[in-house]
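The opening position of the sequence shown corresponds to residue 97 in the working numbering, with each subsequent residue numbered one higher.
All residues carry an ideal CB built from backbone N, CA and C; glycine is no exception.
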Amino acid sequence: MPSRLGSAPLESDLMPDLVERYPNLHVSPHPLVAHKLAYLRDRTTDPKLFRELVRELTWLIGYEAMADVATTLVSVQTPLEPMTGARVEPKIGLIPVLRAGLGMVDAMLELMPSAEVWHIGLYRDERTLKPVEYYNKLPDAATVQVCLILDPMLATGGSSAATVDILKTWGAARIKQVSLIGAPEGIATLSAAHPDVDIHVAAVDRALNERGYIVPGLGDAGDRQFGTFAGPSSEPGHESGETAEVVRRLQRNLSGGE
Ligand code: PRP
Ligand code: URA
């Protein structure tokens, strides 16, 4: 990575050991990503600006996630002469995880207008932190070769690992996770369950707190996009002993203690 003399360290600079440990992990080194992410995290950023930033960051991370996609040669006739150009070869599927992944769809469709969009509905049980599936209308057999899971937050990794399970059963040949912030615990969980899945993030944060939220993070990505701040799950300090134990177990796994 080029050195940035006089610059503040980026989140990606703070996690060299994780990047080394998980070859499937790709943390954006781009200063523009870090710049936008700092606005996204800010508690005073309102839902309108938050949605705009999610879209812009998805554009940037999604672009990086497509860097190794296969292309095929095509003949192109320019106004001046014929030439050989390139076209993305595999059929691409975008898999937004409801709700928070919805805000990432438009940006990816701007990059790849012909991509198919297949929604998966999952929410985290607040107590167990386990994902609960509530929406899945995938047809019987996979219609795309490369699936990009869109979800801004990779926290415990449970939602992501469950989505990958669904997509592998469906028959997806290649799967990538496109997120904005990852926690070390979630990266470890997803990588252990599915080492073949590339993980693309804008940043890796320090840890999960006792409620399973990423810290420093940005709070609840769904609530911040859609302005839904009512309810106990949005209130800091709403932890339960059971949730804290789930997080401690993940942290022991991460440090190789179990
Ligand atoms: C959030 C987020 C992920 C999940 C990440 O969704 O968008 O889907 O949590 O957590 P995990 O890695 O621990 O599984 P949430 O359950 O809050 O649902 P929402 O998007 O409907 O608010
Ligand atoms: N989901 C979120 O929206 N934020 C977190 O920090 C963890 C899960």
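With distance defined between alpha-carbon atoms, name the residue in the options nearest to residue i.
| i | options | result |
| --- | --- | --- |
| aspartate 319 | Val129, Leu198, Leu263, Tyr231 | Leu198 |
| alanine 298 | Leu136, Leu276, Leu121, Ala258 | Leu276 |
| leucine 218 | Pro209, Leu207, Tyr231, Met208 | Tyr231 |
| valine 274 | Pro119, Tyr159, Leu128 | Tyr159 |
| serine 287 | Asp138, Val260, Asp301, Ile310 | Val260 |
| leucine 314 | Leu128, Thr140, Arg151, Pro125 | Thr140 |
| leucine 205 | Ile216, Glu152, Arg137, Ala134 | Glu152 |
| phenylalanine 146 | Arg183, Thr174, Met200 | Met200 |
Spatial neighbours of residue i within its chain, please: CB distance less than 8 Å, with the 5 preceding and 5 following residues excluded, ordered by chain position.
| i | result |
| --- | --- |
| threonine 252 | Arg220, Leu225, Ala279, Glu281, Gly282, Thr285, Leu304, Gly308, Val342, Val343, Leu346 |
| glutamate 212 | Lys187, Ile188, Gly189, Leu190, Thr239, Val240 |
| proline 98 | With a pLDDT of 40 at proline 98, under the threshold of 50, the modelled position of that residue is not reliable, and no figure is offered here. |
| threonine 339 | Glu222, Arg223, Thr224, Leu225, Glu306, Arg307, Gly308 |
| alanine 161 | His122, Leu244, Lys272, Val274, Asp294, His296 |
In three-state terms, what does DSSP make of residue i?
| i | result |
| --- | --- |
| tyrosine 230 | strand |
| proline 312 | coil |
| lysine 187 | coil |
| histidine 131 | helix |
| glutamine 321 | helix |
| glycine 158 | helix |
| alanine 326 | coil |
Would you check whether the ligand URA has a heavy atom nearer than 7 Å to the C-beta of residue i?
| i | result |
| --- | --- |
| aspartate 138 | no |
| isoleucine 310 | yes |
| methionine 249 | yes |
| alanine 317 | yes |
| glycine 253 | no |
| alanine 196 | yes |
| glycine 313 | yes |
Let me check one thing: in DSSP terms, what residues is residue i bridge-paired to?
| i | result |
| --- | --- |
| leucine 59 | Here the chain comprises residues numbered 97 to 354, so residue 59 is not present and cannot be evaluated. |
| proline 175 | Note: proline 175 sits in no beta bridge, so no partner. |
| isoleucine 262 | Per DSSP, none; premise fails for isoleucine 262. |
| histidine 122 | His296 |
| glutamine 273 | Ile245, Ile295 |
For residue i, which residues of its own chain have a beta-carbon under 7 Å away from its beta-carbon, when the five flanking residues on both sides are left out?
| i | result |
| --- | --- |
| alanine 237 | Gly267 |
| glycine 102 | Any reading at glycine 102 is ruled out, since the residue's pLDDT is 48, under 50, leaving its predicted position unreliable. |
| serine 360 | Only positions 97 to 354 of the chain appear in this structure, which leaves residue 360 out of reach. |
| valine 115 | Leu121, Val123 |
Give a single yes or no on whether residue i has its beta carbon closer than 7 Å to a heavy atom of the ligand PRP.
| i | result |
| --- | --- |
| valine 362 | The structure shown does not extend to residue 362, since the chain is modelled only from 97 to 354, so the question has no answer here. |
| serine 358 | Residue 358 is absent from the model: the chain starts at 97 and stops at 354. |
| arginine 320 | no |
| serine 256 | yes |
| leucine 225 | yes |
Which residues in the same chain as residue i place their Cβ atom closer than 6 Å to its Cβ, once the five residues preceding and following it in sequence are excluded?
| i | result |
| --- | --- |
| leucine 250 | Ser256, Ser275, Gly278, Gly282 |
| lysine 264 | none |
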